[in-house]
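Next comes the structure, spelled out in structure tokens:
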């Protein structure tokens, strides 16, 4: 009997399976054996369906921890099925596999939250957000990155910042600059509070504050908020003066870097696109990857404005 016929045979008998604990246990065993066969053949879709069926049996047994674990496994295999399809991922779409994967992850996360296992739920939201980003759904990804960050905030500040910044990057991807700005404000205020604590964690957060202020400056310029940009520039200068700019890690001296940022603000104000592009190229190697992305968006938007 083929694997697909075995799957159909087991599934057809599910009504009787749920009547007794013995039959539920037998169904789980059969599905697990069948799942191994699908895994060996690389058939991710039917492997996912086996995990989904196992999760139903675990739910009937009221073993909610195992139910959550098998739901996650089902979700992962639905994702694998989607990404293994011969499609052009440069034009991603939400497929049926993606919809099922999202449903599995959300059900599993809800179960973990009900069991007060917040870290496990956080990891699921984070995994879900990463997959949503891969299939071209940055707005949805941003939402679940924020949910993941909220669950880790009181446990690990560094992880919180790293995850919430992923949400920020997704908001940039979907051009929701208003929410991206609000996210940066929240990050900056959180970092400022954290840096008052004299410990190694606070020391590790310093570079994130500098980069967040830098991104806020460029994001304000992208939205033509010149006055706000000048206020942020003052804060960046204060950070530079308090050794947030390590000259051993950069080729441009701190004061020169500040002057370049000041000129960038003025060039955007005066709409001097050629001068802006020259300075953007000059400091490209000094900027983090995401700051360069915003800088590119800034120069592109200014070009369009001047056409």
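Residue numbers (the numbering used here): 112 to 418.
Quick reminder that beta carbons are idealized off the backbone N, C-alpha and C, glycines included.
Inset, instruction - Report buried or exposed for residue 225, applying the criterion of at least 16 other Cβ atoms within 10 angstroms of its Cβ. - result: Flag for residue 225 reads exposed.
Inset, instruction - Just mark residue 409 as buried or exposed, buried being the case when its beta carbon has 16 or more other beta carbons within 10 Å. - result: So residue 409 ends up on the buried side.
Inset, instruction - Taking only the alpha-carbon atoms, compute the straight-line gap between residue 273 and residue 321 and give it to the nearest angstrom. - result: Distance from the CA atom of residue 273 to the CA atom of residue 321, rounded to whole angstroms, is 14 Å.
Inset, instruction - Give the DSSP-derived three-state secondary structure of residue 173 in the structure shown. - result: In the structure shown, residue 173 sits in coil (DSSP, three-state: anything other than H, G, I, E or B).
Legend entry - Same chain, Cβ closer than 7 Å to residue 220, five either side skipped, listed in chain order: So the list reads 232, 235, 236, once near-sequence residues are dropped.
Inset, instruction - Let me know if residue 389 comes out buried or exposed under the rule of 16 or more other beta-carbons within 10 Å of its beta-carbon. - result: Counting C-beta atoms within 10 angstroms of its own C-beta, residue 389 has fewer than 16 neighbours from the protein chains shown and is therefore classed as exposed.
Legend entry - Cβ shell of residue 185 (< 7 Å), same chain only, five flanking positions each side left out: These residues qualify, in order along the chain: 159, 162, 163, 166, 215.
Inset, instruction - Tell me where the alpha helix (DSSP H) around residue 210 begins and ends. - result: Where residue 210 is concerned, the enclosing alpha helix (DSSP H) stretches over 207-225.
Legend entry - Limits of the unbroken alpha helix (DSSP H) element including residue 303: 288-305 is the span of the alpha helix (DSSP H), which, as asked, contains residue 303.
Legend entry - Rounded separation between residue 404 and residue 281 - CA only: Cα-Cα distance, rounded: 12 Å.
Inset, instruction - With a threshold of 16 other CB atoms inside 10 Å of the CB of residue 230, please say whether the residue is buried or exposed. - result: Exposed is the call here.
Inset, instruction - Output the distance between the C-alpha atoms of residue 238 and residue 259, rounded to the nearest integer angstrom. - result: Cα to Cα, the separation comes out at about 9 Å.
Inset, instruction - Would you check if the segment 337-346 and the segment 301-308 touch, i.e. whether three or more CB-CB distances between them fall below 8 Å? - result: Fewer than three Cβ pairs drawn from the segment 301-308 and the segment 337-346 lie within less than 8 Å of each other, which leaves the two stretches out of contact.
Legend entry - Distance between residue 286 and residue 254 (C-alpha atoms, nearest Å): Approximately 14 Å between the Cα atoms of the pair.
Inset, instruction - Answer yes or no: do residue 300 and residue 402 have a C-beta to C-beta separation smaller than 8 Å? - result: When the beta-carbon positions are compared, residue 300 and residue 402 stay at least 8 Å from each other.
Legend entry - Best match in 228, 288, 191 for proximity to residue 266 [C-alpha to C-alpha]: Measuring from the Cα of residue 266, the nearest candidate turns out to be 228.
Legend entry - For residue 324, three-class secondary structure by DSSP: Looking at residue 324 - three-state DSSP - the assignment turns out to be helix.
Legend entry - 7 Å CB neighbourhood of residue 414 in its chain, flanking five on each side removed: Closer than 7 Å at Cβ, skipping near neighbours: 384.
Legend entry - Three-state secondary structure assigned by DSSP to residue 334: In the structure shown, residue 334 sits in coil (DSSP, three-state: anything other than H, G, I, E or B).
Inset, instruction - Check whether the Cβ atoms of residue 277 and residue 240 sit closer than 8 Å, and answer yes or no. - result: Yes, the pair counts as a contact, with Cβ atoms nearer than the cut-off.
Inset, instruction - With DSSP collapsed to three states, give me the class of residue 316. - result: Residue state, collapsed to three classes: coil.
Legend entry - residue 411 to residue 339 span [Cα, whole Å]: Distance between the alpha carbons of residue 411 and residue 339 is about 21 Å.
Inset, instruction - Tell whether a beta-carbon distance below 8 Å holds between residue 332 and residue 376. - result: Closer than 8 Å, so yes.
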